[in-house]
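Numbering (this note's numbering), first residue to last: 12 to 192. Positions of the beta carbon are idealized from the N, C-alpha and C atoms, including for glycine. This one's a predicted model, so the numbers in the text were calculated from it and none came from an experiment.
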Ligand code: FES
């Protein structure tokens with residue numbers, strides 16, 4: 012939607028309503044930059060930082076306010092693995108793929124997690140409990156291979172231990188639910 016079209020005011024209002032003031036201000040501030048459109052990635056980072064993921068509504072809003080075709084914005088959002096297009100699960104699982112972990116079988120752990128959860132990297136399990144990411148060195152190479160669940164480090168894992176690890180967190184989620192009810 013170009014600014015000079017008839018219902019631009021309406022489109023602009025809808026777009027502005029989809030984003031918090033801090034991001035609207037940031038987009039506004041970027042407009043002085045001669046390379047304005049190159050700011051798209053940092054704008055998307057801010058959107059993800061606020062919402063935890065990049066929803067369709069937010070991607071459309073960014074496209075309209077930055078006057079970049081929606082397909083291009085979506086293309087950038089899907090190209091980079093650090094952008095998430097769906098809400099994050101209750102527990103974020105990060106599999107370290109740094110060198111020490113990689114040589115100690117991180118890829119096998121990752122494959123087992125993908126199989127057990129039925130999801131790929133960047134996705135969230137159907138029950139909303141787990142999201143899966145890969146990460147660079149988590150700084151605990153002595154424990155390789157390392158998986159981080161939420162803010163907890165699990166080292167020396169084997170693929171066989173993955174189901175029990177997931178069960179542990181499923182149990183934690185159920186515990187929290189029963190305390191809350
Ligand atoms: S390489 Fe995995 S913790 Fe350093």
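Backbone CA spacing between residue 24 and residue 84 [nearest angstrom]: Whole-angstrom Cα-Cα distance: 19 Å.
Under 9 Å between C-beta atoms of residue 117 and residue 157: Contact: yes.
Identity of the residue in 49, 27, 130, 93 nearest residue 72 by Cα: The candidate whose alpha carbon is nearest that of residue 72 is 27.
Close beta carbons around residue 111, own chain, < 6 Å, minus the five adjacent residues each side: Counting only Cβ-Cβ distances below 6 Å, and skipping sequence neighbours, we find 152, 155.
Collapsed DSSP secondary structure at residue 107 in the structure displayed: DSSP places residue 107 in strand when its eight states are reduced to three.
Contact test: residue 41 Cβ vs ligand 1 heavy atom, cutoff 8 Å: No.
Option nearest residue 178 by Cα separation, candidates 145, 102, 109, 43: Comparing Cα-Cα distances from residue 178 to each of 145, 102, 109, 43, the minimum goes to 102.
Contact test: residue 149 Cβ vs ligand 1 heavy atom, cutoff 8 Å: With a threshold of 8 Å, the Cβ atom of residue 149 counts as near ligand 1, since some heavy atom of the ligand is closer than that.
Beta-carbon proximity check, residue 168 vs residue 104, cutoff 9 Å: One thing to note: residue 168 has its Cβ no nearer than 9 Å to the Cβ of residue 104.
Chain D within 9 Å of residue 178, Cβ atoms only: Of the protein chains in this structure there is only one, and it is not chain D.
Collapsed DSSP secondary structure at residue 146 in the structure displayed: Three-state DSSP puts residue 146 in a strand.
Where residue 130 sits in the DSSP three-state scheme: Coil, per DSSP.
Residue 132 beta carbon near ligand 1 (any heavy atom closer than 8 Å): The answer is no for residue 132.
Option in 100, 122, 67, 95 with minimal Cα separation from residue 107: Ranking the options by Cα distance to residue 107, first place goes to 122.
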